[in-house]
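Chains as they are written, first to last, in the numbering used here: chain D, 1 to 114; chain E, 115 to 223.
Glycine is no exception: its CB is placed at the ideal position from the N, C-alpha and C atoms.
Just below is one structure, and these are the notes that go with it.
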């Protein structure tokens, strides 16, 4: 596609529910990153994919968080049993490869857990 | 630990010049990035420095001193559309980017 696409743009959920966030990277970009952005804080790294593999999952805050990528393209970030502290903007970015300078970001999913 | 520091907020006047500083302490250094983020939008790439010195790109310039762990983003001839947050990020060892909290720049007429 023309850019990185994320859906939904906004998600309001009740505490304890599961949510699934989707990222569609730029076609041909092999590297895909998930970040979390809270108000007044820097981007928090969650996980990255090189192709379909996730070499580093150390940024995931807890075992309630998981992510997968299929076909070297679309990725989903799943948060189980959501908590209020999960409320944030979840940003996805892609690049031609790992270590390539320029990341292209999606507009993010604003997650609100009530 | 690893740390990126930049001012939380700055105010400048339309047509003027503003310098946004970023200091960093990271394990390893493989480049420093500046991104611009308008409210509610995706961050967009502005500049990349890996060697010491000044990189100029139109109204925007970015400077790096690796020995001092210091960078700045210089914006000239400020326009109202430059009102945004400016994010500094450092690539440490391997691939991972460490991000500052961002500097919110407010431009006044």
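The beta carbon of residue 54 of chain D sits closer than 6 Å to the beta carbons of 47 from its chain, once the five residues preceding and following it are set aside; these are given in chain order. Residue contact with chain D for residue 215 of chain E: present (Cβ-Cβ distance below 8 Å to some residue of chain D).
Annotation: residue 141 of chain E to residue 20 of chain D spans about 34 Å, alpha carbon to alpha carbon.
For residue 129 of chain E and residue 191 of chain E, the gap between their C-alpha atoms comes out near 4 Å. 144, 145, 147, 149, 151, 154, 155, 156 and 157: these are the residues of the stretch 138 to 157 of chain E whose beta carbon lies less than 9 Å from some beta carbon of chain D, given in chain order. DSSP assignment within the stretch 168 to 216 of chain E yields the following whole beta strand (DSSP E) runs of 3 residues or more, N-terminal first: 174 to 179, 184 to 189, 198 to 205 and 211 to 213.
With a threshold of 8 Å between beta carbons, residue 45 of chain D makes contact with chain E. By the rule that beta-carbons nearer than 8 Å mark a contact, residue 111 of chain D does not touch chain E.
One alpha carbon belongs to residue 120 of chain E, the other to residue 72 of chain D, and they sit about 35 Å apart. Going by beta carbons, residue 200 of chain E and residue 134 of chain E fall inside the 8 Å limit. For residue 122 of chain E, DSSP records no beta bridge to any residue. At a cut-off of 8 Å, the C-beta of residue 103 of chain D has a neighbouring C-beta in chain E. Contact of residue 41 of chain D with chain E is assigned, a C-beta pair being separated by under 8 Å. Inter-residue distance for residue 87 of chain D and residue 154 of chain E is about 15 Å (C-alpha atoms, whole angstroms).
The secondary-structure analysis by DSSP pairs residue 77 of chain D across a beta bridge with D/21 and D/67. Closest by C-alpha distance to residue 171 of chain E, out of E/193, E/132, E/160 and E/180, is E/160. Assigned with DSSP and collapsed to three states, residue 85 of chain D falls in helix.
Residue 157 of chain E is classed as buried because its beta carbon has at least 16 other beta carbons within 10 Å across all chains shown. With contacts defined by Cβ atoms closer than 8 Å, residue 149 of chain E and residue 118 of chain E do not form a contacting pair. By the criterion of at least three beta-carbon pairs nearer than 8 Å, the stretch 10 to 24 of chain D is not in contact with the stretch 168 to 182 of chain E. For residue 53 of chain D, the secondary structure class from DSSP, reduced to helix, strand or coil, is strand.
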